[in-house]
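**Student:** Here full-length UniProt numbering is used: position 91 in the sequence shown is 91, and no number is missing along the way. Here you go, one structure.
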Amino acid sequence: MQVQKKEVRQERILAEAARLFAEKGYEQTTVSDIVKACEMARGTFYLYFDSLESVLTELFRNTTDLLWEEITSISGNSLTGDGVLKTIITSLFHALADKKELLQVYRSGGGHEFQLFKHRAFCESIGNRVVDLMKEGQAAGELRICSPMLVSQMIVSLVDSMAYYTLVLEEGRHDREQVVEELCDFILYGISK
Numbered sequence: 001m002q003v004q005k006k007e008v009r010q011e012r013i014l015a016e017a018a019r020l021f022a023e024k025g026y027e028q029t030t031v032s033d034i035v036k037a038c039e040m041a042r043g044t045f046y047l048y049f050d051s052l053e054s055v056l057t058e059l060f061r062n063t064t065d066l067l068w069e070e071i072t073s074i075s076g077n078s079l080t081g082d083g084v085l086k087t088i089i090t091s092l093f094h095a096l097a098d099k100k101e102l103l104q105v106y107r108s109g110g111g112h113e114f115q116l117f118k119h120r121a122f123c124e125s126i127g128n129r130v131v132d133l134m135k136e137g138q139a140a141g142e143l144r145i146c147s148p149m150l151v152s153q154m155i156v157s158l159v160d161s162m163a164y165y166t167l168v169l170e171e172g173r174h175d176r177e178q179v180v181e182e183l184c185d186f187i188l189y190g191i192s193k
C-alpha cells in the first residue's frame, strides 16, 4: 500500500510538472510552482526528486520508454528492410506527436546533464535499434554501404527536428501524414541502393 501511495505522488508530481512546463516553459517553472499545484509540502517534492532538472529527466525517460516499446513491437513483426525503417520513422514521429506539449520543453529545457541524458536516451537506445536494422539491410543488399551509427544518429535527429518543426513551430500548417511520408522518402532515398 505504501509503495502505491509513493508511486501516485511521484506520478502526480510528473503530471503537474509536465502541465506547468507546457504552459509556462521549463525556465519559468519553479519547484514552488509544482509543489503548489500538487498541494504538497516542499520537502515531499524532494523525497522524489532532487531538482527541477531531475523531474524533466524523468519525464523524458518516460517518453523514451514509450518510444522504445513502439520500436520493440515493430521489431517483432515480419517487416524487413525499408518496411521496418519506414514503420519506425512513422512510429517515432507519431509518438513524438503524442507528446507534442513537451517537445518545446525537451528541446530547450534543462542543463547540460539533461541534454546529455537526452542524447544518450534518444540516440543510443533508439538509434542502436536503427543501427541494427541498417546492418541487416546492408547484409541483405537493400541498403547502401555507409556508417550505420552516423546515419542512425542522422535519422533520429531528423525525425526529432521534423516533429518539432511540424508540431510546434509550424503547428497546423502541414499535414502530418504528408510530412511523415516525405520524411520516410527522403531518408530511404539517401540510404537505399
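The C-beta atom is built at its ideal place from N, Cα and C for all residues, glycine as well. Values in this document were obtained by computation on a predicted structure and should not be read as measured data.
So who's on the other strand from Ala169, going by DSSP bridges?
**Tutor:** For clarity, residue 169 is Leu in the given sequence; the question names Ala instead. According to DSSP, which records beta bridges pairwise, Leu169 is partnered with nothing at all.
**Student:** In chain order, what residues of the same chain have a beta carbon less than 7 Å from the beta carbon of Glu53, not counting five sequence neighbours either side?
**Tutor:** Gly110, Gly111, Glu113, Phe114
**Student:** Using the rule of at least 16 other Cβ atoms within 10 Å of the residue's Cβ for burial, across every protein chain shown, is Ser152 buried or exposed?
**Tutor:** buried
**Student:** On a CA-only basis, which of Ile89, Ser108, Ile145, Glu177 is nearest Leu56? Give me that one, please.
**Tutor:** Ser108
**Student:** Closest to Ser91 by CA distance: which of Ile191, Val156, Arg9, Thr44 is it?
**Tutor:** Val156
**Student:** Using 8 Å as the cut-off, can you tell me whether the region 40-49 makes contact with the region 3-14, which would need three or more C-beta pairs spanning the two stretches below that distance?
**Tutor:** yes
**Student:** Which residues mark the beginning and the end of the alpha helix (DSSP H) in which Lys118 is found?
**Tutor:** Lys118 -> alpha helix (DSSP H) spans 112-119.
**Student:** Does the distance from the C-beta atom of Cys184 to that of Ile89 stay below 7 Å?
**Tutor:** yes
**Student:** If we count the other Cβ atoms within 10 Å of its Cβ and call it buried at 16 or more, is Asp160 buried or exposed?
**Tutor:** Result: buried.
**Student:** Tell me whether Ser192 sits in a helix, a strand or coil according to DSSP, three-state version.
**Tutor:** Ser192 sits in a strand when the DSSP states are folded into three classes.
**Student:** Hey, quick one: how far does the alpha helix (DSSP H) through Ile155 stretch, first residue to last?
**Tutor:** 148-164
**Student:** In the DSSP output, which residue or residues are listed as bridge partners for Leu143?
**Tutor:** Ser192
**Student:** For Leu158, which option in Leu96, Gln138, Gly141 has the closest C-alpha, if you only look at C-alpha atoms?
**Tutor:** Leu96
**Student:** What beta strand (DSSP E) runs, 3 residues minimum, are completely inside the UniProt DNA-binding region "H-T-H motif" (30-49)?
**Tutor:** none
**Student:** Do you know offhand how far Glu23's Cα is from Lys135's?
**Tutor:** 42 Å
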